[in-house]
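Reading through the structure tokens given below for one structure.
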Amino acid sequence: MKLERLALIAEIVGAFAVVISLIYVGAGIRQNTDAIMSANHQNLLAMDIDKNSWFRDPDFAELYELALADIDSLSASQRRQFSTYVSDQINIWENIYIAHEKGLVDERVWEGSNEFYSSQLRVPSYRLIWAKTKDGWTGEFAQHAESVLSDAANQ
Numbered sequence: 032m033k034l035e036r037l038a039l040i041a042e043i044v045g046a047f048a049v050v051i052s053l054i055y056v057g058a059g060i061r062q063n064t065d066a067i068m069s070a071n072h073q074n075l076l077a078m079d080i081d082k083n084s085w086f087r088d089p090d091f092a093e094l095y096e097l098a099l100a101d102i103d104s105l106s107a108s109q110r111r112q113f114s115t116y117v118s119d120q121i122n123i124w125e126n127i128y129i130a131h132e133k134g135l136v137d138e139r140v141w142e143g144s145n146e147f148y149s150s151q152l153r154v155p156s157y158r159l160i161w162a163k164t165k166d167g168w169t170g171e172f173a174q175h176a177e178s179v180l181s182d183a184a185n186q
């Protein structure tokens, strides 16, 4: 009888140890997820700073304003430069989209970024570049961007 009682106590202690271990593992996973989300946010900030660096060039800033007003007035090289800039911005948006879908971007960061890039896509010159490049993006992201355009058309 004493041996059975010791076995029962050992089983209870073992079950308790498993629960404590699972709590510890869960806390470690949460800390790791927080660290990944923080690193992703830092990467997004770096991409945003890079985006803004384009506008430190007065010639590009002028080209950008001209492209927004009348993209058809751009020379071939200016159009290539503007197209590259817009594609870079779509690439950042896609990166944020994929990270968000994997749960690696804070919801607030996603909402702000998505609203910003959605508003950019609604600009006619951006839509023109999107129409020419949309097959080059991941299917899920392309569907998301198309839904943004569809929603804008229905408003």
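Under the numbering used here, the final residue of the sequence shown carries the number 186; numbering is consecutive throughout.
From the three backbone atoms N, C-alpha and C, an ideal C-beta is built for every residue, glycine too.
None of the values given here were measured: they were computed from a predicted structure.
7 Å Cβ shell around residue i - same chain, five flanking residues per side excluded
i           : result
residue 70  : none
residue 179 : 149, 152
residue 183 : 153
Spatial distance of residue i from residue j (CA atoms)
i           : j           : result
residue 89  : residue 162 : 28 Å
residue 165 : residue 173 : 6 Å
residue 185 : residue 155 : 16 Å
residue 39  : residue 60  : 32 Å
residue 138 : residue 82  : 22 Å
residue 126 : residue 57  : 27 Å
residue 136 : residue 47  : 34 Å
residue 87  : residue 54  : 50 Å
residue 33  : residue 50  : 26 Å
residue 177 : residue 167 : 13 Å
Spatial neighbours of residue i in its chain, beta-carbon cut-off 6 Å, leaving aside the 5 residues before and after
i           : result
residue 124 : 148
residue 144 : 127
Counted within 10 angstroms of its Cβ, other Cβ atoms place residue i as buried (16 or more) or exposed
i           : result
residue 94  : buried
residue 92  : exposed
residue 121 : buried
residue 117 : buried
residue 130 : buried
residue 160 : buried
Contacting residues, own chain, Cβ-Cβ under 8 Å from residue i (five flanking each side not counted)
i           : result
residue 105 : 94, 97, 98, 113
residue 175 : 128
residue 132 : 171
First and last residue of the uninterrupted alpha helix (DSSP H) at residue i
i           : result
residue 170 : 170-184
residue 91  : 89-101
Checklist line | 4-residue-minimum alpha helix (DSSP H) runs that sit fully inside the region 117-164, ordered along the chain | finding: The region 117-164 contains these whole alpha helix (DSSP H) runs: 138-152, 155-164.
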